[in-house]
Amino acid sequence: QLRLQESGPGLVKPSETLSLTCTVSGDSINSGSYYWGWIRQAPGKGLEWIGSVYYSGTTFYNPSLKSRVSISLDTSKNQFSLRLNSVSAAGTGTYYCARHGTVACDYWGQGTLVNVSS
Amino acid sequence: SSDLAQDPFVSVALGQTAKITCRGDSLRIYFPSWYQQKSGQAPILVYGKNNRPSGIPDRFSGSTSETTASLTVTGAQAEDEAVYFCSSRDSSGLHLLFGGGTKLTVL
Numbered sequence: 001q002l003r004l005q006e007s008g009p010g011l012v013k014p015s016e017t018l019s020l021t022c023t024v025s026g027d028s029i030n031s032g033s034y035y036w037g038w039i040r041q042a043p044g045k046g047l048e049w050i051g052s053v054y055y056s057g058t059t060f061y062n063p064s065l066k067s068r069v070s071i072s073l074d075t076s077k078n079q080f081s082l083r084l085n086s087v088s089a090a091g092t093g094t095y096y097c098a099r100h101g102t103v104a105c106d107y108w109g110q111g112t113l114v115n116v117s118s
Numbered sequence: 001s002s003d004l005a006q007d008p009f010v011s012v013a014l015g016q017t018a019k020i021t022c023r024g025d026s027l028r029i030y031f032p033s034w035y036q037q038k039s040g041q042a043p044i045l046v047y048g049k050n051n052r053p054s055g056i057p058d059r060f061s062g063s064t065s066e067t068t069a070s071l072t073v074t075g076a077q078a079e080d081e082a083v084y085f086c087s088s089r090d091s092s093g094l095h096l097l098f099g100g101g102t103k104l105t106v107l
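Sequence lines, in order, name chains A and B.
Mapping to this note's numbering: the first sequence position 116 is 116, numbers consecutive.
Mapping to this note's numbering: the second sequence position 57 is 57, numbers consecutive.
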C-alpha cells in the first residue's frame, strides 16, 4: 500500500521560504510513469495545485506561483520536496502531497498545516 | 477559459440521486477526476478516468458531455455529505486545475 507523509515547519515568517518534504513508502517514486505533486488548501477554501515533478525529474508549476516555487525529487531517499519563496499570509493553509497520473490523484498524504505569521 | 466551475451547494434527500457538475473547456480533451473531502480530512479520489477506485461504492458514477462533467450519487447516504472537487488539466495540458468545490448536503 502506497503511503505519503508530509513533513516540515508548521510556522514560517512572511517573506521567508516554505520548505516541505513528502516521504513515500510502499513503492519507489521512479518505478512508474507518475507525477508527484503538491496541492494546498487555504482555511475554508478550495484546492490549489502548486506543481508536480514527473518521475523523470521534469517539473510543472502553477503559472501563478511559477516564479517562486521549486519541486525536486530525491530518489535516494524516496522523497520529493517543495520550496516556495517569499511567502505571505496568503500561503497559510494545509499542504498536501499526492501521486497522480494524467489527472487523477490516487494517493494523498494526510496534509500538513503551515501558518505564515511573524 | 482555463477554469473549472462548480456550483457551490447541492442538496439531496436521503436515498435520492444527487448530480454534481463541473464545467470547463478543457473537459473536451481531458478526463475529469472527482474527489470527496470530509471535514478535517484529506481528499480522496472517488472517480477518475471513467472508473471508480477500489473501495468506492458503486453509487458513485461519472460522465462527461462536451465541456460539462458530472458526478452522480445514486441513492445518497448520510456519509456522502462532504465537499466534492473536480479536477482536470488545463487546455495546454501542462497544468492541473481544480474546481472550486461543491458542498453536498444529504437531508
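Note that the Cβ used here is the ideal one computed from N, Cα and C, for glycine as well.
Backbone CA spacing between residue i and residue j [nearest angstrom]
i: B:L67; j: B:S26; result: Reading the sequence as shown, one finds Thr at residue 67 of chain B and not Leu. Going from the Cα of B:T67 to the Cα of B:S26 covers about 7 Å.
i: B:V12; j: A:R68; result: 42 Å
i: B:A5; j: A:I29; result: 32 Å
i: A:S15; j: A:N85; result: 7 Å
i: B:R59; j: B:V73; result: 5 Å
i: A:D106; j: B:A76; result: 23 Å
Beta carbon proximity, residue i to chain B, threshold 8 Å
i: A:Y54; result: no
i: A:C22; result: no
i: A:A42; result: no
As assigned by DSSP and simplified to three states, the class of residue i
i: B:S26; result: helix
i: B:G15; result: coil
i: A:G93; result: strand
i: A:H100; result: strand
i: A:S25; result: strand
i: A:D106; result: strand
i: B:L4; result: coil
i: B:Q37; result: strand
i: B:S88; result: strand
Same chain only: Cβ atoms within 6 Å of residue i, ignoring 5 sequence neighbours per side
i: A:S81; result: T21 and S72
i: B:Y30; result: S88 and R89
i: B:T102; result: Q6, D7, V10, I20 and Y84
Within-8 Å CB hit, residue i to chain A
i: B:Y84; result: no
Cutoff 7 Å; reference residue i; Cβ partners in own chain excluding five residues on either side
i: A:N115; result: G10, L11 and T92
i: A:G8; result: S19, L20, T21 and T112
Ranges of the alpha helix (DSSP H) found wholly within the stretch 49-86 of chain B, counting only runs of at least 4: none
Within the stretch 4-89 of chain A, ranges of the beta strand (DSSP E) (whole runs, at least 3 residues): 18-25, 35-41, 47-54, 59-61, 69-74 and 79-84
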